[in-house]
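What follows is a short report on a single structure.
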Amino acid sequence: MTGLEIDGISKRYGDVVALREMTFDVRPGELFGFVGSNGAGKTTTMRIALGVLSADAGEVRYAGEPVTHETRRHIGYMPEERGLYPKMKVAEQLTYLARLHGMSAADARASAGRWTERLGVAARREDEVQKLSLGNQQRVQLAAALVHEPRILVLDEPFSGLDPVAVDVMSQVLKEKAADGVPVVFSSHQLDLVERLCDRVGIVRNGQMVAVGTVGELRSGGAVRLRVDAPEAGDGWADGLPGVKVLGRTGPVTELELGDGADDQAVLKAALATGPVREFAREQPSLTDLFRSVVTTEEVAA
Amino acid sequence: MSAPVPDVRMSPASAVGLVASREIGTRVKSKAYRVSTVIMLLLIVVGIVLIKLISGGNDADSTVGYTSATAPLAAPLKAGGQAVGEKIDTMQVADEAAGRAKLADGSIDALLTGDGKSVHVQVKKDLDGKFANVLRLLSQQVAVTEQVTALGGDPARFQAAIASAKFVEDPPLEEPYDYNGQQLVLGIVAGILIYMSLLLNGQSVAQGVVEEKTSRVVELLLSTIKPWQLMAGKVLGIGLVGLIQMVVIGAGGVIAGLATGVLTISVSAAVGTVVWLIVWYLLGFFMYSIVFAALGALVSRQEDVGGATMPALMLVMVGYIVGISVLPSDPGNTFAEVLSVIPVFSPTLMPMRLAMGGVPVWEAVVSVGLVVLMIPVLIWFAARIYRNAVMRTGAKVKLRDALRAA
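Keeping their order, the protein sequence lines are chains A and B.
Here the first sequence stands for residues 9 to 310, where the numbers follow the working numbering.
Here the second sequence stands for residues -8 to 397, where the numbers follow the working numbering.
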């Protein structure tokens, strides 16, 4: 079963290339994290998926079919630039948005009531949006993305500006939606959250998808690092070991990176040859490290 | 994926209708709208009642006292007054002293004194200009009568001959239109109403577009419906709200005018004026508000709305200013007549001319037809500008860029 597919989307603004053959897919029931530095093209990709922007090339498909205006009414969207009518009341606004997505008036009202309850803004239903705190406006914004019971969720930075409680509520809602079989894609700069929540992650750089996979896959794809605590080792103890690069040394601890064909056991032997070894650990890079290495190293290369 | 796929199909009409009903709902519920409608209605009704009080019904313009000696002058004075459109009442007083007393307490405006052989008049303070004219006529008549008598003629026969002397007018080459003063006033009121509602409602279309842009809600909206549907819904909604206001004010004014007797034109003419007013309001509103929506989409801040819509506003104002400054004194002015058929000026000028009357049928038809033809062209242009500009925030989008970008 296929969910949302972004296939070879390109977009340029004059001479600036915003997206170059952006390709990835979000399977039904999957939480997909979309990460990348500012201006990498995440928002542009989402806008194109929603039909708010047109692509120069490529196609967006859902369940194998090109996305049409009708399909888009099934998408729950949270734009990066939050947007609601400031002078419209919360419940009225949500009902209106649900109806624009094709819900009947009665269903729309009921759904608006349900989601305000769920997201903890039920008490503010009759208030104008502009009178709400930013955090509450954010909750209403999420309700606006969910109120029409979407079958696809596309959320641009849904966690920015939320307090920890709201982050938990939001995470919970996203997980539930995914459990219902909804493909969920969201962008975020909170990488720890992405790491914890997402089934798969895509890292974007300069309008291109540079790495896609589960957090585990991405990690194993990165270079293996070793942390060796050998207090009596002299400088350069690891020099000459094939495929091993010394990243740095702080006190007794040496950080090493193993390239292709390097043998960690050879490193251990070399370390033991200098005297006692207090710690010898393989380090898993965090998503943040991965992100940094992907974004910075390739930027230098480019 | 257990739940069946809900049916989310929506016809363009229902999308437009949904947007329009939100506009109507929020605007009609707003205090500003209700208050402004009530105030405008009150202004019109109060204005009509004031006119009624000032013009004061059937009272004579002046009341003149005469003594027994000046009694022969009373009838010719009245007749003379009638000839120049002054309604004069006469009243006999016992003698000049009694007359002066009445003059002093204001129950008469003038007193004919003397022996009746020539015209002598006394007033409390100032002699009214129009009344003076009547007196001049009267004294000339007295002089003529004296001369006719001195020459041995019969003054009565002389007067009869003068009165029966006539000239014959051959049919004119062009039938002139007899403009009715009340219709001129109606025309001015119609012009002001159209002008104000174009200005107010047109601006609120532009502001509504910018509001959606500023608050970024437009991105959410455009992920569900097409740009032209959003634009059309907004224009229709605000147009209907303005129409309700116009009908309330127009009907209120005409009813008050007819009820108080200030309006003496026929009910059908009054209703005709209101109907034309509504037709031209709709035509003018749709023509201009489409342009306002497109121009509004070019900017991202409310402060810039004025500047962006200025070119269109200028056209509305030119039409109105020409109308209000030329038409009341010269309803048949050729320049205004030509402008009133040109689509950009017709929404302000034509309803004024129609209310004043005397517009040839072909001109009314051509002016309506041209606007009707122009609206689809404007919709095409405006939809293009709107679609290209509404998602671009930040600096003002140049009109050329908005038209060019795909």
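Just so it is clear, CB atoms sit at the ideal spot from N, CA and C, and this is done for glycine as well.
Quantities reported herein were computed from a predicted structural model and do not represent experimental measurements.
With a cut-off of 7 angstroms, does the C-beta of residue i fall near any C-beta of chain B?
| i | result |
| --- | --- |
| A/Y21 | no |
| A/V24 | no |
| A/A309 | In this predicted model, A/A309 has a pLDDT of only 40, less than 50, meaning its place in the structure is not dependable; the value taken from the coordinates is given anyway. Taking Cβ atoms only, chain B never reaches closer than 7 angstroms to A/A309, which makes this a no. |
| A/E73 | no |
| A/E89 | yes |
| A/L140 | no |
| A/Y70 | no |
| A/V232 | no |
| A/P94 | yes |
| A/L108 | yes |
| A/R80 | yes |
Less than 6 angstroms separating the Cβ of residue i from some heavy atom of the ligand SAH?
| i | result |
| --- | --- |
| B/W267 | Absent from the structure shown: the ligand SAH. Ligands present: none. |
Can you check whether the C-beta of residue i is within less than 7 angstroms of a C-beta belonging to chain A?
| i | result |
| --- | --- |
| B/S280 | no |
| B/S214 | yes |
| B/V19 | no |
| B/M343 | no |
| B/V(-1) | yes |
Count the other C-beta atoms from every protein chain shown that fall within 10 angstroms of the C-beta of residue i, then say buried if there are 16 or more, exposed otherwise.
| i | result |
| --- | --- |
| B/Q83 | exposed |
| B/T58 | buried |
| B/R0 | exposed |
| A/Q146 | buried |
| A/E306 | Confidence at A/E306 is low in this model, with a pLDDT of 49, below 50, so its placement is unreliable and the value that follows should be read with caution. Looking at its Cβ environment, which holds fewer than 16 other Cβ atoms inside 10 Å, A/E306 is exposed. |
| A/G169 | exposed |
| B/T140 | exposed |
| A/D176 | exposed |
| B/P338 | buried |
| B/M341 | buried |
| A/E355 | Residue 355 of chain A is absent from the structure shown; chain A starts at 9 and stops at 310. |
| B/I398 | With chain B covering only -8 through 397, there is no way to say anything about residue 398 of chain B. |
| B/R398 | The structure shown has nothing for residue 398 of chain B, since chain B only spans -8 to 397. |
| B/E14 | buried |
By how many angstroms is the C-alpha of residue j removed from the C-alpha of residue i?
| i | j | result |
| --- | --- | --- |
| B/L398 | B/M278 | No statement about residue 398 of chain B is possible, as the shown extent of chain B runs from -8 to 397 and does not include it. |
| B/P218 | B/R375 | 9 angstroms |
| B/G314 | B/E203 | 35 angstroms |
| B/R383 | B/F283 | 17 angstroms |
| B/L221 | B/V10 | 6 angstroms |
| B/A242 | B/A123 | 42 angstroms |
| A/M217 | B/Y377 | 32 angstroms |
| B/V357 | B/V270 | 14 angstroms |
| B/R395 | B/A303 | 21 angstroms |
| A/H156 | A/L58 | 15 angstroms |
| B/I99 | B/G90 | 8 angstroms |
| B/V346 | A/G84 | The question names Val, but residue 346 of chain B in the sequence shown is Ala. Straight-line Cα distance between these residues: approximately 53 angstroms. |
| B/K22 | B/G230 | 18 angstroms |
| B/L103 | B/Q113 | 7 angstroms |
| B/R410 | B/D117 | The displayed coordinates of chain B run from -8 to 397. Any statement about residue 410 of chain B would go beyond what the structure contains. |
| A/P36 | A/R81 | 17 angstroms |
| A/G224 | A/L205 | 13 angstroms |
| A/V24 | B/T205 | 25 angstroms |
| B/E137 | B/A65 | 17 angstroms |
| A/D268 | A/S294 | 20 angstroms |
| A/A186 | A/V192 | 6 angstroms |
| B/M343 | B/N324 | 13 angstroms |
| A/T10 | A/Y70 | 7 angstroms |
So, using beta-carbon positions, are residue i and residue j closer together than 7 angstroms?
| i | j | result |
| --- | --- | --- |
| B/V335 | B/A327 | no |
| B/I35 | B/G193 | no |
| A/L102 | A/A151 | yes |
| B/T300 | B/A380 | no |
| B/I235 | B/M31 | no |
| A/F32 | A/I14 | yes |
| B/G233 | B/S188 | yes |
| A/G16 | A/G47 | no |
| A/T296 | A/A241 | no |
| A/D171 | A/G143 | yes |
Give a yes or no on whether 7 angstroms exceeds the smallest Cβ distance from residue i to chain C.
| i | result |
| --- | --- |
| A/L58 | Within the model displayed, chain C is absent; protein chains A and B are what it includes. |
### Residues in the stretch 281 to 294 of chain B having any Cβ partner in chain A nearer than 8 angstroms
none
### Task
Could you list the residues in the stretch 195 to 229 of chain B with a C-beta less than 8 angstroms from some C-beta on chain A, going in chain order?
E202, E203, S206, R207, V208, V209, E210, L211, L212, L213, S214, T215, I216 and K217
### Task
With 8 angstroms as the limit, tell me which residues of the stretch 298 to 330 of chain B have their beta carbon closer than that to any beta carbon of chain A; keep them in chain order.
Under the 8 angstroms Cβ criterion, the stretch 298 to 330 of chain B contributes no residue.
### Query
According to a CB-to-CB cut-off of less than 9 angstroms, which residues of the stretch 168 to 201 of chain A neighbour chain B?
D188, G189 and V190
#### Entry: Proximal residues, the stretch 7 to 39 of chain B versus chain A, C-beta separation under 7 angstroms
Result list: L9, R13 and T17.
### Message
Give me the subset of the stretch 141 to 153 of chain A whose CB atoms are less than 8 angstroms from a CB atom of chain B, sorted by chain position.
### Response
A152
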